[in-house]
Amino acid sequence: MRKLPESVTAWLLAAPMAIVLALFLVAPIVMIVAVSFWGATEWSIYPAFQFDNYAFLLTSEVTWRVFFNTIKYAFITWVFTLGIGFTVAYFLAFHVRSQTWQIALFLLCTIPFWTSNIIRMISWIPFLGRNGLANAALISAGVIDAPLEWLLFSDFSVILAFVHLYTLFMVVPIFNTMMRIDKSLIEAAVDAGAKGRQVLRYVIIPLTKPGIMIGTIFVVALVMGDFITVRFMSGSQSANVGRMIQNDIALLAYPSAAATAVVLLATVLMIIGALLRFVDIRKEL
Amino acid sequence: MKQPKDLEFVALTKRYGNTVAVDEIGYHFEAGTYACLLGPSGCGKSSTLRMIAGHESVSDGAILLGGRDISYLPPAKRGTAMMFQNYALFPHMSVLENVAFSLKMKAVDAAERRARAGEMLELVDLTTLQDRLPDQLSGGQQQRVALARALITKPQVLLLDEPLSALDPFLRIRMRAELKRLQRELGITFIHVTHGQDEALALADEIVVMNHAKIEQAGKTRDVFDAPRTAFVAKFLGSYNVLALPEGKLAVRSDAMALGPAENAKLQGRIINIEYQGTHVALTAVVPGDQEVTAILSDKDFFGAPKNVGEAIGLNWDGRAAHALSA
Numbered sequence: 019m020r021k022l023p024e025s026v027t028a029w030l031l032a033a034p035m036a037i038v039l040a041l042f043l044v045a046p047i048v049m050i051v052a053v054s055f056w057g058a059t060e061w062s063i064y065p066a067f068q069f070d071n072y073a074f075l076l077t078s079e080v081t082w083r084v085f086f087n088t089i090k091y092a093f094i095t096w097v098f099t100l101g102i103g104f105t106v107a108y109f110l111a112f113h114v115r116s117q118t119w120q121i122a123l124f125l126l127c128t129i130p131f132w133t134s135n136i137i138r139m140i141s142w143i144p145f146l147g148r149n150g151l152a153n154a155a156l157i158s159a160g161v162i163d164a165p166l167e168w169l170l171f172s173d174f175s176v177i178l179a180f181v182h183l184y185t186l187f188m189v190v191p192i193f194n195t196m197m198r199i200d201k202s203l204i205e206a207a208v209d210a211g212a213k214g215r216q217v218l219r220y221v222i223i224p225l226t227k228p229g230i231m232i233g234t235i236f237v238v239a240l241v242m243g244d245f246i247t248v249r250f251m252s253g254s255q256s257a258n259v260g261r262m263i264q265n266d267i268a269l270l271a272y273p274s275a276a277a278t279a280v281v282l283l284a285t286v287l288m289i290i291g292a293l294l295r296f297v298d299i300r301k302e303l
Numbered sequence: 094m095k096q097p098k099d100l101e102f103v104a105l106t107k108r109y110g111n112t113v114a115v116d117e118i119g120y121h122f123e124a125g126t127y128a129c130l131l132g133p134s135g136c137g138k139s140s141t142l143r144m145i146a147g148h149e150s151v152s153d154g155a156i157l158l159g160g161r162d163i164s165y166l167p168p169a170k171r172g173t174a175m176m177f178q179n180y181a182l183f184p185h186m187s188v189l190e191n192v193a194f195s196l197k198m199k200a201v202d203a204a205e206r207r208a209r210a211g212e213m214l215e216l217v218d219l220t221t222l223q224d225r226l227p228d229q230l231s232g233g234q235q236q237r238v239a240l241a242r243a244l245i246t247k248p249q250v251l252l253l254d255e256p257l258s259a260l261d262p263f264l265r266i267r268m269r270a271e272l273k274r275l276q277r278e279l280g281i282t283f284i285h286v287t288h289g290q291d292e293a294l295a296l297a298d299e300i301v302v303m304n305h306a307k308i309e310q311a312g313k314t315r316d317v318f319d320a321p322r323t324a325f326v327a328k329f330l331g332s333y334n335v336l337a338l339p340e341g342k343l344a345v346r347s348d349a350m351a352l353g354p355a356e357n358a359k360l361q362g363r364i365i366n367i368e369y370q371g372t373h374v375a376l377t378a379v380v381p382g383d384q385e386v387t388a389i390l391s392d393k394d395f396f397g398a399p400k401n402v403g404e405a406i407g408l409n410w411d412g413r414a415a416h417a418l419s420a
């Protein structure tokens, strides 16, 4: 059999993946960008190249509020998932000595993933509701006299659900990075007189940064793009960008939805780009 | 450096569950000794070192440094410093930061940290590389950084865990000389764990041979080498033939073996291998009892009366070169 020239083989080998990416990643994005410039009336949408959608979007005070709200959710969720995720990963990696237990406890963390996102979210509702378990318990314990209203359908419940849903995305990469830290580095630090907190600050945290960064990208991307959690947990009382896009789509206002999606994509890419400037994650990949 | 102090083990014991890793060992190292803990893997030498460092708890007994019980002190308060087997350099810090790490932990101000770390780097001859990261250094350079990092804490005892095992043979011999030089200059005690008898013999003033969690034999290096007490020590130090003879077990140095005619010799054997090694020739023979005996002959002696594989020979030795073994 005649051998193909090397350059042809290389292209052929790269082709399947390239086609998949082109069809399912590049093409949809191009389509969305294209549609975002289309025009729309109350009853129709028409191909065009105009900046009306963007002009309307960027000058509307609602957009700014909603974007601010989305970033607020992302930031608060990030703070909590990072705090909890780092602590859990630290415990698993450095306090649990036996590998069997490490694996067992790690699997335990993934058990919630055996049920669907929505079920996990909805199961908070009877717990947090006005006459829910949390309020009932607090009242019977005498901590409060009247049920707390802010437990459900509030920013509190939205962020609670986000943290619940996404903490594992922080735990996994951080745990993974921590497991690769040579334990003798910690002994070396202790040998040099570092106290527990100093070991954490000067050795463990710097060496865990790539894992923290990967977890951060997961959480930020997930929270920024979410619409269903915000809808359920806020009882449709708060909005984020995902909800805005969903509303536009429900009204068949595709050009406007596309423009919002493009702005959201740009925002997320900018945030991730900024994060990557701080930490080199290539070593982890 | 502070006045060096004696290091002493008192019935030092380490247990992991039901296994005893170190079994009531006792020894006294005089200040300023270069000592090697020598033994096969799993003999307890590393556990012993880690107990001195404070990275492993002491199950029983005590470790005294200058008469003070340090068994329960945190590692940094013991007056010891450890150099780890893989050096354990902080990969995210430059050479200078690595060396200055312990000063930073003590909140010494930045200028003084730089100055003192600079002195240490001068001691190990690495001044020009101070801004590199550990990844950008060769094995030998990494080791010198690790040494500087350990020495900057001004320890009375430096603990070295198989410090040369990660280096290639050439570098190993060079670093060996450097370790010895440093120890001489600093005058502090070095406790060096190794499983290589050549390393131990080359470096140590005293050696402690360990086996099965116990000290098999310990003392001045030459005393131990010249008079092994057990078959284990004789075999582990190499250069010895351990012979089971009717009168008991004997250790005879390979280079004390003389060849002669089979008649009237102390042992009769048949040559099974001859190896030319440049300055000398190693000749292996089988003797009764299916034992192998090695004789090291100078090239002059051997080629003066060459032998062939399969030839029957007699082996003799001076009675003073033989040591009766207790076990």
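So the protein lines, in turn, are chains B and U. So for the first sequence, this note's numbering puts the first residue at 19; every next one is plus one. So for the second sequence, this note's numbering puts the first residue at 94; every next one is plus one. Cβ coordinates follow ideal geometry from the N, Cα and C atoms, glycine included. Computed from a predicted structure; not experimentally measured.
- [ ] Please list, in chain order, all residues of the same chain as residue 325(U) whose beta carbon is under 8 Å from its beta carbon, the five residues on each side excluded.
- [x] For this step, residue 325(U) is matched to residue 232 along the second sequence. Correct list, in chain order: 302, 304, 309 and 420.
- prompt: Going by the beta-carbon positions, is the gap between residue 172(B) and residue 179(U) smaller than 8 Å?
  reply: As a working note, residue 172(B) is residue 154 in the first sequence. As a working note, residue 179(U) is residue 86 in the second sequence. No, these two residues do not count as a Cβ contact at 8 Å.
Which residues does DSSP list as the beta-bridge partners of residue 120(U)?
For the purposes of this step, residue 120(U) is taken as residue 27 along the second sequence, with counting starting at 1. Paired residues: 102(U).
Worksheet entry | Three-state secondary structure (DSSP) of residue 215(U) | Taking the second sequence and counting its residues from 1, one reaches residue 215(U) at position 122. Helix.
Looking only at its chain, what residues have a beta carbon closer than 7 Å to the beta carbon of residue 406(U), apart from the 5 residues adjacent to it on each side?
Sequence index remark: in the second sequence, residue 406(U) carries index 313 (1-based). 352, 355, 362, 364, 378 and 400, listed in sequence order.
(Q) Am I right that residue 392(U) and residue 374(U) are in contact with their C-beta atoms under 8 Å? What's the rounded C-beta distance? (A) By one-based count along the second sequence, residue 392(U) stands at place 299. By one-based count along the second sequence, residue 374(U) stands at place 281. Contact flag correct, Cβ pair sits at about 6 Å.
What residue range does the alpha helix (DSSP H) around residue 363(U) cover?
For the purposes of this step, residue 363(U) is taken as residue 270 along the second sequence, with counting starting at 1. It is not in any alpha helix (DSSP H) - residue 363(U) instead sits in the beta strand (DSSP E) that spans 360-369.
Run down chain B in chain order and give the residues with a C-beta less than 7 Å from the C-beta of residue 168(U).
The residue given as residue 168(U) occupies position 75 in the second sequence. Neighbourhood of residue 168(U) in chain B, by CB distance below 7 Å: 208 and 209, in chain order.
field: Min CB distance residue 294(B) to chain U below 8 Å
entry: Sequence index remark: in the first sequence, residue 294(B) carries index 276 (1-based). So no, residue 294(B) is outside the interface.
Exercise. When you compare each of 273(U), 345(U), 197(U) and 163(U) to residue 211(B) by their alpha carbons, which one comes out closest?
Worked result: For the purposes of this step, residue 211(B) is taken as residue 193 along the first sequence, with counting starting at 1. When only C-alpha atoms are compared, the closest one is 197(U).
Going residue by residue through the stretch 247-290 of chain U, where are the continuous alpha helix (DSSP H) segments of at least 4 residues, counting only ones entirely within it? Taken in chain order, the complete alpha helix (DSSP H) segments of 4 or more residues contained in the stretch 247-290 of chain U are 262-279.
Any C-beta of chain B under 8 Å from that of residue 377(U): For the purposes of this step, residue 377(U) is identified with residue 284 of the second sequence, where counting begins at 1. Not an interface residue.
Collapsed DSSP secondary structure at residue 200(B) in the structure displayed:
The residue you call residue 200(B) lines up with position 182 of the first sequence. Note: residue 200(B) maps to coil in three-state DSSP.
Notebook entry, point to check: When the cut-off is 8 Å and only beta carbons count, does residue 114(B) lie next to chain U?
Noted result: Translated into positions along the first sequence, residue 114(B) becomes position 96. Not an interface residue.
### Query
Do we get a CB-CB distance below 8 Å when we pair residue 203(B) with the residues of chain U?
Against the first sequence, residue 203(B) aligns to sequence position 185. Chain U, which has a Cβ nearer than 8 Å to the Cβ of residue 203(B), makes this yes.
Which residue marks the beginning of the beta strand (DSSP E) containing residue 91(B), and which one marks its end?
Here residue 91(B) corresponds to residue number 73 of the first sequence, with the count starting at 1. Per DSSP, residue 91(B) belongs to no beta strand (DSSP E); it is in the alpha helix (DSSP H), 79-108.
Where residue 138(U) sits in the DSSP three-state scheme: Position 45 of the second sequence, counted from the start, is the residue given in the question as residue 138(U). Here DSSP, grouped into helix, strand and coil, assigns residue 138(U) to helix.
Q) Counting contacts by CB-CB distance shorter than 8 Å, is residue 152(U) in contact with chain B? A) On the second sequence, position 59 is the one that residue 152(U) refers to. Not closer than 8 Å to any Cβ of chain B, the Cβ of residue 152(U) fails to qualify, so no.
Quiz item: Excluding the five sequence neighbours on either side, which residues of its own chain have a C-beta within less than 7 Å of the C-beta of residue 206(U), listed in chain order?
Solution: Working through the second sequence from its first residue, we reach residue 206(U) at position 113. Only 193, 196 and 197 meet the Cβ criterion.
Looking at residue 53(B): is its Cβ nearer than 8 Å to the Cβ of residue 272(B)? The residue labelled residue 53(B) in the question sits at position 35 within the first sequence. The residue labelled residue 272(B) in the question sits at position 254 within the first sequence. Cβ distance < 8 Å, so residue 53(B) and residue 272(B) count as in contact.
Below 8 Å between beta carbons is the criterion; list the residues of the stretch 228-244 of chain U that meet it against any residue of chain B, in chain order. 242 and 243
field: Cα-Cα separation between residue 263(U) and residue 287(U), rounded to whole angstroms
entry: If you number the second sequence from 1, residue 263(U) lands on position 170. If you number the second sequence from 1, residue 287(U) lands on position 194. Each residue's alpha carbon lies about 17 Å from the other.
Exercise. Residue range of the alpha helix (DSSP H) that residue 392(U) falls in?
Worked result: The residue given as residue 392(U) occupies position 299 in the second sequence. First-last of the alpha helix (DSSP H) with residue 392(U): 392-397.
Practice item. Below 8 Å CB to CB, which residues in the same chain sit around residue 24(B) once its five sequence neighbours on both sides are set aside? Key: The residue given as residue 24(B) occupies position 6 in the first sequence. Same-chain partners within the cutoff: there are none.
**Request:** Anything in chain U within Cβ reach of residue 221(B), meaning under 8 Å, just list it in chain order.
**Result:** Counted from its first residue, the first sequence places residue 221(B) at position 203. Ordered by position in chain U, the residues that pass the 8 Å Cβ test against residue 221(B) are 183.
Out of curiosity, what's the CA-to-CA distance linking residue 310(B) and residue 194(B)? The structure shown does not extend to residue 310(B), since chain B spans only 19 to 303, so no value can be given for it.
Self-check item: Candidates 225(B), 279(B), 200(B) and 182(B), of which the one nearest residue 237(B) by Cα
Solution: Residue 237(B) sits at position 219 when you count from the first residue of the first sequence. For the residues 225(B), 279(B), 200(B) and 182(B), the minimum Cα distance to residue 237(B) belongs to 182(B).
- Item | Contact set for residue 235(U): own chain, Cβ-Cβ below 7 Å, skip 5 residues either direction | The sequence position of residue 235(U) within the second sequence is 142, counting from 1. Excluding sequence neighbours, residue 235(U) sits near 180, 182 and 227.
Distance between residue 28(B) and residue 13(B) (C-alpha atoms, nearest Å): Since the first residue of chain B shown is 19 and the last is 303, residue 13(B) is not available in this structure.
Going along the stretch 179-196 of chain B in order, which residues come within less than 7 Å of chain U, judged by CB to CB distance?
none
Say whether chain B places a C-beta atom closer than 8 Å to the C-beta of residue 246(U). For the purposes of this step, residue 246(U) is identified with residue 153 of the second sequence, where counting begins at 1. So, interface residue.
Check: Out of curiosity, what's the CA-to-CA distance linking residue 491(U) and residue 330(U)?
Finding: Since the first residue shown for chain U is 94 and the last is 420, residue 491(U) is missing from the structure and cannot be characterised.
message = Counting only beta-carbon separations shorter than 8 Å, does residue 418(U) have a partner in chain B?
response = As a working mapping, residue 418(U) is identified with position 325 in the second sequence. Not an interface residue.
Requested in this report: Kindly indicate if chain B contains any beta-carbon less than 8 Å away from that of residue 174(U).
Outcome: For this step, residue 174(U) is matched to residue 81 along the second sequence. The Cβ of residue 174(U) sits closer than 8 Å to at least one Cβ of chain B.
### Message
Give me the DSSP bridge partner(s) of residue 385(U).
### Response
Translated into the one-based positions of the second sequence, residue 385(U) becomes position 292. Its beta-bridge partners are 379(U).
Subject >> Whole-number beta carbon distance between residue 282(B) and residue 259(B), since they are thought to touch under 8 Å >> reply: Walking along the first sequence from the start, residue 259(B) turns up at place 241. Walking along the first sequence from the start, residue 282(B) turns up at place 264. At roughly 5 Å, the Cβ-Cβ gap stays under 8 Å, so residue 259(B) and residue 282(B) are in contact.
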